[in-house]
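Engineer: For the sequence shown, this note's numbering gives the first residue as 583, with consecutive numbering after it.
We put the CB at the ideal spot given by N, CA and C, even for glycine.
From a predicted model like this one, the values you see are computed outputs, not experimental measurements.
To start, I am sharing the structure in question, which I have written as structure tokens.
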Amino acid sequence: MSVNQTPSHNALPALSGADIRQKFLAFYAAREHQILDSASLVPEDPTVLLTIAGMLPFKPIFLGQRTAEFDRATTAQKCIRTNDIENVGRTARHHTFFEMLGNFSFGDYFKREAIAWAWQLSTEVFKLPPDRLVPSVFREDDEAFAIWRDDIGIPAHRIIRMDEADNFWTSGPTGPCGPCSEIYYDFHPEWGDDNIDLEDDSRFIEYYNLVFMQYNRDAAGKLTPLDAQNIDTGLGLERMAQILQGVPNNYETDLIFPIIQTAAEIAGLDYQQAGDAQKVSLKVIGDHVRAVIHMVTDGITASNVGRGYVLRRLIRRVVRHGRLLGIEKPFTTQIAETAIALSEQAYPAVRTRQTAIKNELDREEIQFLKTLERGEKRLADILEGQPEKVSGKDAFELYDTYGFPLELTQEIAEESGIAVDEAGFNEAMEHQRQRSKEAHETIDLTVQGSLDSLADAIDSTEFVGYEQADTQSKVEAVLIAGESVNQAGIGREVQVVLDRTPFYAESGGQIGDRGYLSGENLVIRVEDVKKEGAFFVHFGKVERGAVAVGDQVSAKIDLACRRRAQANHTATHLLQAALKSLVDESISQAGSLVDFDRLRFDFHAPEALSAEQLQQVEKQVNTWIAEAHSADVQTMPIAEAKARGAVAMFGEKYGDDVRVIDYPGVSMELCGGTHVGNTAEIGVFKIVAETGVAAGIRRIEAVAGPAILDYLEVRDRIVRDLSERFKTKPEEITERVTSLQSELKTAQKDLAALKSELALAKSDQLIGQAETFGDIPVLVANLDAVEPDALKAAAERLLQKLGEGAVVLGSVPEPGKVSLVAAFSKPVIGKGLQAGKFIGGIAKLCGGGGGGRPNFAQAGGRDADKLPAALEAAKVQLKEALGG
Ligand code: SER
């Protein structure tokens, strides 16, 4: 583990994480960058699982597929990377979740400005000493080198040229990319300039990456220049916090450390006194919990595939590291609360989603504790065979499938006097790490590696699900937790590849089919289906018997689920058609989701739709449904489809032949999804919400088909509940609420009047407390909890009773609020006193102010504790002015 020295001799500004975020955004906003909110961790881009960089939401702009509304933007973007998950907690700065601060130019400024501003921000805003900063450039980028040397004035020997692996940035195997220039902070300038090795992380930390995005890379690795030259930068918030807060690693910054402290408290530990391994566990918990709260906030739920798998793995790692620290009871929700409290100011949604977060953690934690129990059984079975050693493979299976830390396996095995093959375990672990690294965050971490190695040996899957709901198929491959196996028994979570399948695999926004694979003495419940290259991977659980490679199975989809999905899918097409025809012909799709129980359609539009437009759109879709249009599905060359006017989503990749879904005269779209044979099958379509998701992107959420019943049931329950509570018929609820509102208003008015009467009655008793200063009667009194209006009435009445006198009253109408009033008669004003000025001065003593006319004035304050002293002061002042 590398630990950097605290740069204590530097007077760096000790900025909080929040300050750094704010100063970064403000710096670029002052340079005409539009500040945009962080995009969701669930990217629109289908080639990556999670948002891995600040540039991802802008990818279509860099590729020229979407026009930017601004030439410049700046963001603080939530990101997650899991390719180095094993390093989290072990190095000073590896994370799963982190925030990337970025400034972006879409065909506007380029290298010169990007470098100059990055330098100015570093040295003037964050006040990093210039002699501690070392820039790197791509080996061949003489232009960037010259800018650093000539514009900024960095000595040439301190500008380090690096090769493609380090200084050519791409967001994935394909996509926009370009040479980059990074800025490193030097923790040990005293080690001299002779051996500058930027890879030495005990000395340097890279905190800012400036990417000069000018190419697109295709699948064959070929670079094509983009139409525009762009800038994409990323400054690691946690890293800058480490530098400025002078702490030895990112975890000890104010962005994460409070979470670590909560975990340490639960474990009964003192972080500073904890051992190295304990510190690693605490850091893993601190890091992962941040990822978890933001993932759930963005709608991800734990599962065995894709993003859901990443989430599950993170939660399990949190629980496991908790156990390593000796925490036996569920604890994750408590940790999450600290993480939510830390994040809520910058990301308020984590608070609104707190119940979802805590439910998810509760459920997963308890389920995982059960898995651990099963693991204990599995280990007991292994040990019963009295092996010489627990093999590395078994130990790794226990770790990977059952979440058993090696230490736990060792501890239990030791009780039987059996050792564990640690080297074998490490080998298996390294093997898996390599595999997920190679997957480069793409699609599904659980299966891709294994499928790549099987690709040559097995046939690709034939999809027959457009026409058939069941088939006889052959099992080509079986995987458990990403590992290819020959067979899997009951209770196993498996991934099965078939030679032929009726199951639709998740794509184009449509959810994968559900259903069963069955054979003689075999039942697998299929919970999801994904496409990996040419293979359809069926994710499920063996519920009966066992499945083996080569088995013949009957593959059958759940038709009810399929009908729900296709009703929602066709409704999405109709929705797009209605938007184009009724709102704006140029509306184009930005993304969509077709689930069993709902649909979501994101589209480019400058402003929200009016209630009237939404109503018209909904009505139009329902009219098309009622008109019963039959589908005409054809495969044709893309040129022909376009010539016929089929709607294609920008940026979608199609082969030469495309599938065209045509409801003649209504909607024609290129689409690989499944659809109803006739629009009448949809039944009903209902828009549930219209919201903004990003600048220039609107989202319509709706339900269609059988799912509408579920929707209605929920609504119906609410109405019935209200109807019972209000003891009225559903159709009369609105009227009842209106009348209750007006009753409430009257009651409030009456209450105020009563209070005022009460105050008056009370004030009558005060008259006896009047004193005489000079020959003028004066009454100063505290009426306690009286409303300002009532106080005013009391003052008027008391002055009337006193005659030519002065009245000053105070009260505390509600906690934290002071009300004051002064009523002076002519003789008092004649002595040079003005009610307005006078009461303003008194109000100041209670942390407030106010004023009014010479004879009558009101004021307020906040400091209720000070009221008695303020009234005492009023009395003294009156006495002095009027003569005691
Ligand atoms: N995309 C670059 C990175 O992630 C700069 O933002 O490092």
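What is the DSSP secondary structure of Gly599, counted as helix, strand or coil?
Structural biologist: In this structure, Gly599 counts as helix in the three-state DSSP scheme.
Engineer: Just the C-alpha distance for Pro1450 and Ile922, rounded to the nearest angstrom, thanks.
Structural biologist: Cα-Cα distance, rounded: 42 Å.
Engineer: In three-state DSSP terms, what is His676?
Structural biologist: Three-state DSSP puts His676 in coil, outside helix and strand.
Engineer: Does at least one heavy atom of ligand 1 sit under 6 Å from the Cβ of Asn798?
Structural biologist: Checking every heavy atom of ligand 1 against the Cβ of Asn798, none is found closer than 6 Å.
Engineer: Just to check, is the beta-carbon of Met637 closer than 6 Å to a non-hydrogen atom of ligand 1?
Structural biologist: Yes, since a heavy atom of ligand 1 falls inside the 6 Å radius drawn around the Cβ of Met637.
Engineer: Are the segment 805-816 and the segment 845-854 touching, with three or more C-beta to C-beta distances below 8 Å?
Structural biologist: With a cut-off of 8 Å, the segment 845-854 and the segment 805-816 do not count as touching, because too few Cβ pairs lie within range.
Engineer: Evaluate contact between the segment 708-716 and the segment 768-783, counting only Cβ atoms and requiring at least three cross-stretch pairs below 8 Å.
Structural biologist: Verdict: yes, contact present.
Engineer: State the Cα-Cα distance for the pair Phe652 and Ala1276, rounded to the nearest angstrom.
Structural biologist: If I take the Cα positions, the gap works out to 13 Å.
Engineer: If you follow the alpha helix (DSSP H) that Thr1205 is in, where does it begin and where does it stop?
Structural biologist: It spans Ala1193 to Ala1208 - the alpha helix (DSSP H) in which Thr1205 sits, taken as one unbroken run.
Engineer: Could you check what DSSP says for Phe950 in three-state terms: helix, strand or coil?
Structural biologist: Residue state, collapsed to three classes: helix.
Engineer: Looking at the structure shown, is Tyr790 part of a helix, part of a strand, or coil, going by DSSP?
Structural biologist: Of the three classes helix, strand and coil, the one that applies to Tyr790 here is strand, per DSSP.
Engineer: Using a threshold of 6 Å, is the CB atom of Thr815 nearer than that to any non-hydrogen atom of ligand 1?
Structural biologist: It does: the Cβ of Thr815 is within 6 Å (strictly closer) of some heavy atom of ligand 1.
Engineer: Quick check on the burial criterion: 16 or more other C-beta atoms within 10 angstroms. Buried or exposed for His1013?
Structural biologist: Exposed, by the Cβ-count rule.
Engineer: So which of Pro1219, Gly1101, Asp1110 and Ile662 has the shortest CA-CA distance to Gly818?
Structural biologist: Closest option to Gly818, Cα to Cα, is Ile662.
Engineer: Okay, do the segment 1071-1089 and the segment 1105-1118 touch, 3+ Cβ pairs below 8 Å being the bar?
Structural biologist: Yes, the segment 1071-1089 is in contact with the segment 1105-1118.
Engineer: Could you give the distance in angstroms between the alpha-carbon of Pro755 and the alpha-carbon of Leu1156?
Structural biologist: The straight-line gap from Cα to Cα measures roughly 35 Å.
Engineer: Any chance the segment 1394-1413 sits against the segment 1367-1380, with 3 or more Cβ pairs inside 8 Å?
Structural biologist: Touching, yes, given that three or more Cβ pairs across the two stretches are closer than 8 Å.
Engineer: Here's the rule I'm using: 16 or more other beta-carbon atoms within 10 Å means buried, otherwise exposed. How should Asp745 be labelled?
Structural biologist: Per the 10 Å Cβ criterion, exposed.
Engineer: Please indicate yes or no: does the CB of Trp751 lie closer than 6 Å to some heavy atom of ligand 1?
Structural biologist: Yes, since a heavy atom of ligand 1 falls inside the 6 Å radius drawn around the Cβ of Trp751.
Engineer: With burial defined as no fewer than 16 other Cβ atoms inside 10 Å of the residue's Cβ, what is the status of His591: buried or exposed?
Structural biologist: Because the pLDDT at His591 is just 40, under 50, the model does not fix this residue reliably, and the point stays unresolved.
Engineer: When the Cα atoms are used, what is the spatial distance from Ala1271 to Thr914?
Structural biologist: Roughly 33 Å between the two C-alpha positions.
Engineer: Quick one: give me the first and last residue of the alpha helix (DSSP H) that Cys1143 is part of.
Structural biologist: Taken as a continuous stretch (DSSP letters only), the alpha helix (DSSP H) holding Cys1143 covers Leu1141 to Leu1164.
Engineer: Taking 6 Å as the cut-off, is the CB of Asn539 close to at least one heavy atom of ligand 1?
Structural biologist: This structure gives no information on residue 539, because the portion of the chain shown stretches from 583 to 1466.
Engineer: Can you tell me whether DSSP reads Arg889 as helix, strand or coil?
Structural biologist: Here Arg889 sits in helix by DSSP.
Engineer: Looking at the unbroken alpha helix (DSSP H) that takes in Lys861, where does it start and where does it end?
Structural biologist: Start and end: Asp858 to Thr879.
Engineer: Excluding the five sequence neighbours on either side, which residues of its own chain have a C-beta within less than 8 Å of the C-beta of Lys1123, listed in chain order?
Structural biologist: So the list reads Gly1073, Arg1074, Glu1075, Val1076, Ile1106, Arg1107 and Glu1109, once near-sequence residues are dropped.
Engineer: If you measure between the beta carbons of Gly985 and Phe1007, is that distance less than 7 Å?
Structural biologist: No; because the gap between Cβ atoms is not below 7 Å, this pair is not in contact.
Engineer: Would you mind working out which of Asp733, Ile897 and Ala859 sits nearest Arg694, comparing C-alpha positions?
Structural biologist: The candidate whose alpha carbon is nearest that of Arg694 is Asp733.
Engineer: Within the same chain, show all residues whose beta-carbon is closer than 7 Å to that of Ser998, passing over the 5 residues directly before and after it, in chain order.
Structural biologist: So the qualifying residues of the chain are Leu965.
Engineer: Which whole-angstrom value describes the C-beta separation of Gln702 and Gly684, a residue pair presumed to lie in contact below a C-beta threshold of 8 Å?
Structural biologist: So it is not a contact: roughly 16 Å between Cβ atoms.
Engineer: For Leu1402, which residues does DSSP report across the bridge?
Structural biologist: Answer is Gly1392 and Ala1441.
Engineer: What do you get for Thr1320, buried or exposed, if any count of 16 or more other CB atoms within 10 angstroms of its CB means buried?
Structural biologist: Burial call: exposed.
Engineer: If you run the structure through DSSP and keep just helix, strand and coil, what is Asn1260?
Structural biologist: Residue state, collapsed to three classes: strand.
Engineer: Look at the alpha carbon of Leu893 and the alpha carbon of Ser622, and state the distance between them as a whole number of angstroms.
Structural biologist: Approximately 15 Å between the Cα atoms of the pair.
Engineer: What is the DSSP secondary structure of Leu943, reduced to helix, strand or coil?
Structural biologist: In the structure shown, Leu943 sits in a helix (DSSP, three-state: H, G or I).
Engineer: Let's test the definition: count the other Cβ atoms within 10 Å of the Cβ of Asn941 and tell me whether it reaches 16, buried, or not, exposed.
Structural biologist: By the 10 Å Cβ count, Asn941 comes out exposed.
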